[in-house]
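Here the structure comes first, spelled out in C-alpha cells, and everything after it is commentary.
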Amino acid sequence: MASMNNGKSSEAFKISAAQHVDVLVVGAGISGVAAGRYLKEFCPNKEFLILEEKATFGGTWDTHRYPGIRSDSDLYTFGYSFKPWIGPPIATAAEILAYMGDVIEENEIDRNILYRHRIKTANWSSDEKLWILEAVDLDTEETRRFTTNFLWMAQGYYRHSKGYTPDWDGMADFEGEIIHPQHWPEDFNGKGKKIVVVGSGSTAATLIPNIADDCEQVTMLQRSPTYFLTAKNVNELADTLREIEIDDELIHEITRKKIIFDQAAFTRRCKAEPEQVKRELLTMVKAHLGRDYDVGKHFSPDYRPWRQRIAFIPDGDLFKSIADGKASVVTDEIERFTSAGILLKSGDMLEADIIVTATGFNMNVLGDIDFTVDGASLAFNETVTYRGMMFTGVPNMAWVFGYFRASWTLRAELVAEFICKLLNHMEATGVERVEPVLREAEKNMPLHSWVDPDDFNPGYLMRKGHLLPQRGESSEWKHSQDYWTERKEFSAIDLEDEIFAYE
Ligand SMILES: Cc1cc2nc3c(=O)[nH]c(=O)nc-3n(C[C@H](O)[C@H](O)[C@H](O)COP(=O)(O)OP(=O)(O)OC[C@H]3O[C@@H](n4cnc5c(N)ncnc54)[C@H](O)[C@@H]3O)c2cc1C
Numbered sequence: 057m058a059s060m061n062n063g064k065s066s067e068a069f070k071i072s073a074a075q076h077v078d079v080l081v082v083g084a085g086i087s088g089v090a091a092g093r094y095l096k097e098f099c100p101n102k103e104f105l106i107l108e109e110k111a112t113f114g115g116t117w118d119t120h121r122y123p124g125i126r127s128d129s130d131l132y133t134f135g136y137s138f139k140p141w142i143g144p145p146i147a148t149a150a151e152i153l154a155y156m157g158d159v160i161e162e163n164e165i166d167r168n169i170l171y172r173h174r175i176k177t178a179n180w181s182s183d184e185k186l187w188i189l190e191a192v193d194l195d196t197e198e199t200r201r202f203t204t205n206f207l208w209m210a211q212g213y214y215r216h217s218k219g220y221t222p223d224w225d226g227m228a229d230f231e232g233e234i235i236h237p238q239h240w241p242e243d244f245n246g247k248g249k250k251i252v253v254v255g256s257g258s259t260a261a262t263l264i265p266n267i268a269d270d271c272e273q274v275t276m277l278q279r280s281p282t283y284f285l286t287a288k289n290v291n292e293l294a295d296t297l298r299e300i301e302i303d304d305e306l307i308h309e310i311t312r313k314k315i316i317f318d319q320a321a322f323t324r325r326c327k328a329e330p331e332q333v334k335r336e337l338l339t340m341v342k343a344h345l346g347r348d349y350d351v352g353k354h355f356s357p358d359y360r361p362w363r364q365r366i367a368f369i370p371d372g373d374l375f376k377s378i379a380d381g382k383a384s385v386v387t388d389e390i391e392r393f394t395s396a397g398i399l400l401k402s403g404d405m406l407e408a409d410i411i412v413t414a415t416g417f418n419m420n421v422l423g424d425i426d427f428t429v430d431g432a433s434l435a436f437n438e439t440v441t442y443r444g445m446m447f448t449g450v451p452n453m454a455w456v457f458g459y460f461r462a463s464w465t466l467r468a469e470l471v472a473e474f475i476c477k478l479l480n481h482m483e484a485t486g487v488e489r490v491e492p493v494l495r496e497a498e499k500n501m502p503l504h505s506w507v508d509p510d511d512f513n514p515g516y517l518m519r520k521g522h523l524l525p526q527r528g529e530s531s532e533w534k535h536s537q538d539y540w541t542e543r544k545e546f547s548a549i550d551l552e553d554e555i556f557a558y559e
C-alpha cells in the first residue's frame with residue numbers, strides 16, 4: 057500500500073526535466089488521479105505533471121476530517137472502473153485515501169505529482185500555443201513557471217482553504233467555540249458539552265451520530281428539512297457474487313452497472329412520481345423514529361426528491377441517535393447568536409458550548425486561478441460550455457465537473473477518456489490548438505445558467521452559480537447530469553466535427 061502522505065514525491069521531476077510538459081493536470085484529488093491513470097494508459101508518450109497545493113493526494117478526502125467522515129456514494133461507482141472495490145459500499149475517508157494510494161502506486165503516478173505547489177495564474181499565449189502558469193512553491197515561497205500544451209483542470213468545485221459560514225448577527229458575542237466541519241480541530245473534545253450543529257446535509261448527518269455518544273447533547277438545527285435515504289451498508293449482490301467466488305474485477309463491474317442502473321431508475325422516479333418517492337423516503341424515517349415523532353415537521357422537505365443531493369444514512373445511524381435521545385432536531389431559523397448560544401426566530405433559545413456550522417462550501421471557479429488569454433482576463437461566465445468540460449474562447453483546456461446525483465468519479469473517467477482521445481487525435485493530425493466553437497445555427501441559441509435551478513439547487517450553486525459558464529439548449533452545449541446518456545454520447549463524439557476548431 058502506498059504511503060498516505062507522499063509529501064514531495066517528485067524528486068525525479070524536480071525540476072530538471074524543465075518546466076514544460078505536454079499535459080498539466082491541476083489537482084491530485086479523485087479526478088486528478090484518474091487523469092494520471094488515463095494518461096499513462098492511453099497517452100503513454102505524453103509527458104505530464106500533476107500540480108497539487110496540498111502535501112498529499114486525495115483532495116476532498118484529505119481536507120475533511122470531521123468525526124465519521126465518509127462517502128455518501130457507494131464505492132463501486134465512486135471508485136474507479138479499473139480498480140475493484142472490495143468492502144462495504146460506503147467508505148470512510150481513510151479507506152478512500154488508502155484505495156487512491158494503491159491506484160497511485162500501482163500505476164506509478166506518484167512520480168508525476170508535484171505537491172505543495174499552488175497555481176496562481178494561467179495565461180494562454182496564442183503566439184506560442186501554450187499555457188504559461190505561475191505556481192508558488194509553498195515550501196520556499198518561490199514562484200515557478202510551468203508551460204504546457206494542454207491544461208487539464210481537475211481542481212474540484214470548492215475552496216479547500218475556507219468553508220462557507222453565513223454571517224449571522226451576534227456571532228462575535230458567542231462565548232463558546234464555532235467550528236466549520238471543513239476545519240475540524242485535531243484536539244476536539246466534546247465530552248459533556250452541549251453542541252448545536254447548524255445544517256442538515258450529509259455532513260451534519262454524518263458527524264452527529266459520531267459525536268453524540270460523547271457529548272451531553274447534540275442538536276441538529278435546520279432551517280428546512282432534508283431528504284434522507286437509509287439502508288444497511290452492504291451490497292447483497294456483491295456479497296453473493298463474492299460468496300460464489302466470482303473474480304473481484306467481475307464483481308466490481310457487475311455491481312457497478314447494477315447500481316448505476318438502479319440510481320438512474322430512482323432519479324427518473326423522482327421526476328415522474330415525486331409524491332410516491334417522498335412517501336417512501338418518509339416511511340423509512342418513520343420506521344426508525346416511531347409513530348409519535350413529528351416526521352412531517354423535521355424530515356419532510358417542501359421540494360421534490362433529488363432537487364438537492366439526498367443524504368444517505370448507512371445503517372440509520374443518525375436516526376438511532378435521535379431515537380436514543382442523544383441527538384435532537386430543531387426546525388427553526390436563527391435570529392441571532394448570543395453569548396450562550398442561538399436565539400431562534402420562534403423566540404426559543406438553544407444553549408451551546410460549541411456551534412458547528414455545517415453550512416457548506418464556497419464554490420471556487422477554476423481553482424481560484426487568475427486566468428488570461430493573451431493577457432486579457434478570462435470571464436469564464438461569458439463562455440459557453442461544450443458538454444460541461446470545454447469552453448468557447450478557451451483553447452487547449454478541459455475541466456472535470458462530476459455528477460450531482462451519481463458518483464463524481466463516473467464523469468471524471470468519461471472526461472478523462474475523451475481528453476485522451478482528443479490529445480491522440482491532435483497528435484495524429486499534427487495540430488496544436490483546439491477550441492470548441494458554436495456552429496453557425498447555434499450562434500443565436502438561447503443561453504442559460506450552468507444548472508437549471510428547477511432541476512438542482514444546492515446552496516453553493518445558488519450563491520455562486522452565476523460565475524460558471526453558460527449552457528446552451530442541445531446536449532452538446534450542456535452538462536447533462538445524466539450518466540447513461542453521456543456514456544453513449546461521449547463514445548460517439550466525432551473529433552472531426554466542425555464544433556472542434558483546430559490549428
Ligand atoms: C465531505 C464531502 C463528501 C463528499 N462525498 C461525495 C460522495 O460520496 N460521492 C460523490 O460523488 N461526491 C462526493 N463529494 C463531492 C466530491 O468533492 C467529489 O466527489 C470528489 O471528491 C471531487 O474530486 P476532485 O478531484 O474533482 O476535487 P477535489 O477533491 O476538490 O480535489 C481537487 C484538488 O485540487 C487541488 N487544487 C485546487 N486548486 C488548486 C490550485 N490552484 N493549485 C494547485 N492545486 C489546486 C486541491 O488542493 C485538491 O486537492 C463529497 C464532497 C465533500 C466535501
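Per our numbering, the sequence shown starts with residue 57, numbered consecutively.
C-beta: ideal position from N, C-alpha, C; glycine also.
Inset, instruction - State yes or no: is the C-beta of W362 nearer than 6 angstroms to some heavy atom of ligand 1? - result: No, Cβ of W362 sits at least 6 angstroms from all heavy atoms of ligand 1.
Inset, instruction - Return helix, strand or coil for P100, following the three-state DSSP convention. - result: coil
Legend entry - 7 angstroms Cβ cutoff, H120 in contact with chain D: No chain D appears in the structure shown, which is made up of a single protein chain.
Legend entry - Per-residue DSSP class, three states only, for I267: helix
Legend entry - Test item: CB-CB of L263 and G124 under 7 angstroms: yes
Inset, instruction - Can you say whether D404 is buried or exposed, counting buried as having 16 or more other CB atoms within 10 angstroms of its CB? - result: exposed
Legend entry - Check: G486 C-beta below 6 angstroms from any heavy atom of ligand 1: no
Inset, instruction - Flag this pair as touching only if the stretch 232-252 and the stretch 406-424 have three or more C-beta atom pairs under 8 angstroms; answer yes or no. - result: Three or more beta-carbon pairs drawn from the stretch 232-252 and the stretch 406-424 are found closer than 8 angstroms, and the two stretches are therefore classed as touching.
Inset, instruction - In angstroms with no decimal places, state the Cα-to-Cα distance between T415 and S258. - result: 10 angstroms
Inset, instruction - Confirm the yes/no value for this check: CB of T116, any heavy atom of ligand 1, distance under 6 angstroms. - result: yes
Legend entry - Where K327 falls: helix, strand or coil (DSSP): helix
Inset, instruction - Could you tell me how far apart the beta carbons of F457 and G444 are, in whole angstroms, since I believe they sit closer than 8 angstroms? - result: Taking a contact as a CB-CB distance under 8 angstroms, the pair F457 and G444 counts as one, their CB atoms being some 5 angstroms apart.
Legend entry - CA-to-CA distance, P451 to I366, given in whole angstroms: 36 angstroms
Inset, instruction - Check whether the Cβ of E272 lies closer than 6 angstroms to any heavy atom of ligand 1, and answer yes or no. - result: no
Legend entry - Selected residue, minimal CA-CA separation from C271, among V252, L277 and T282: V252
Inset, instruction - Return yes when the Cβ of A260 is within less than 7 angstroms of the Cβ of M276, no when it is not. - result: yes
Legend entry - Sheet register partners of M276 (DSSP bridge): V253 and V385
Inset, instruction - Buried or exposed for H522, please, with buried defined as at least 16 other CB atoms from any protein chain shown within 10 angstroms of its CB. - result: It counts as exposed.
Inset, instruction - Return the first residue and the last residue of the alpha helix (DSSP H) that W464 is part of. - result: W464 to T485
Inset, instruction - Determine, using beta carbons only, whether A268 and S377 come nearer to each other than 7 angstroms. - result: yes
Legend entry - Complete alpha helix (DSSP H) runs within the stretch 315-375 (minimum length 4 residues, chain order): 330-345 and 351-355
Legend entry - Residues bridged to T428 [DSSP beta-bridge criterion]: N179 and S433
Inset, instruction - Check whether the Cβ of Q278 sits closer than 6 angstroms to any heavy atom of ligand 1, and report yes or no. - result: no
Inset, instruction - Give the straight-line distance between the Cα atoms of S65 and N480, rounded to the nearest whole angstrom. - result: Residue confidence for S65 is low, a pLDDT of 47 falling below 50, so the modelled location carries little weight; the figure read from the coordinates is stated next. Taking the straight line from one Cα to the other gives about 28 angstroms.
Inset, instruction - Tell me whether H120 counts as near ligand 1, meaning its Cβ is closer than 6 angstroms to at least one heavy atom of that ligand. - result: yes
Legend entry - Own chain partners of F98 with C-beta closer than 8 angstroms, once the 5 adjacent residues on each side are dropped: E473, C476, K477 and N480
Inset, instruction - Would you mind giving the Cβ-Cβ distance between T465 and Q526, rounded to the nearest angstrom? I have them listed as a contact below 8 angstroms. - result: Taking 8 angstroms as the upper bound for CB-CB distance, T465 and Q526 are not in contact here, some 26 angstroms apart.
Legend entry - ligand 1 heavy atom lying under 6 angstroms from the CB of G85: yes
Legend entry - E559 in three-state terms, based on DSSP: Secondary structure of E559 (DSSP, three-state): coil.
Legend entry - Beta-carbon proximity list for R279, same chain, < 6 angstroms, skipping 5 on both sides: E389
Inset, instruction - Might you give, ordered along the chain, the residues of its own chain that have their beta carbon closer than 6 angstroms to the beta carbon of K382, omitting 5 neighbours on each side? - result: A268
Inset, instruction - Check whether the Cβ of I316 lies closer than 6 angstroms to any heavy atom of ligand 1, and answer yes or no. - result: no
Inset, instruction - On a CA-only basis, which of C326, Y132 and I160 is nearest I316? Give me that one, please. - result: Y132
Inset, instruction - Please confirm whether any heavy atom of ligand 1 lies closer than 6 angstroms to the CB of L107. - result: yes
Legend entry - Alpha-carbon to alpha-carbon, A328 and Y359: 14 angstroms
Inset, instruction - Confirm the yes/no value for this check: CB of Q216, any heavy atom of ligand 1, distance under 6 angstroms. - result: The question names Gln, but residue 216 is His in the sequence shown. Yes, the beta carbon of H216 sits closer than 6 angstroms to at least one heavy atom of ligand 1.
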